[in-house]
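Per my numbering, the sequence shown starts with residue 158, numbered consecutively. The beta-carbon is built from N, C-alpha and C at its ideal position, and this holds for glycine as well. Taking it in order: structure first as structure tokens, then the write-up.
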Amino acid sequence: MMRFLISLGLNTVALLIVNEIFASFYIEGIGTAILASIILAILNVLLKPILIILTLPITILTMGLFLLVINAITLMATQALMGSSFVIDGFGTAFIASIIISLITLVLGGLVKE
């Protein structure tokens, strides 16, 4: 449970950092970022495995790079569920944001001890 809470915290921080970097990526506040992190975690458990299975041939052909597109899709799905409190102005922004979010959580996750 503690690992899950740490992961949610890291994702929340990453979302807030990306919010500061991109003008085309808008999160209303910390509460919205926490809710978006929870929804993103749920989508990563429910939707992402289905997308991975459906896109397995192209994922294999791209040696896993297509997983970045899947991450962007789950981020866009989160945005669709959140409404106007979480807005991403396009797939390109979602794609770049998902890469940055992954890098931030990787770096911060390495700094945080369980």
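- In this chain, Val269 is not harboured by any alpha helix (DSSP H), its DSSP state being neither H nor E.
- The Cβ-Cβ distance between Phe243 and Ile163 does not fall below 7 Å.
- A direct Cα-Cα distance of roughly 13 Å separates Ile199 from Asn228.
- Per DSSP, reduced to three states, the secondary structure at Phe243 is strand.
- Only buried fits Ala193, as 16 or more other CB atoms lie within 10 angstroms of its CB.
- The Cβ atoms of Lys205 and Thr231 sit closer than 7 Å to each other.
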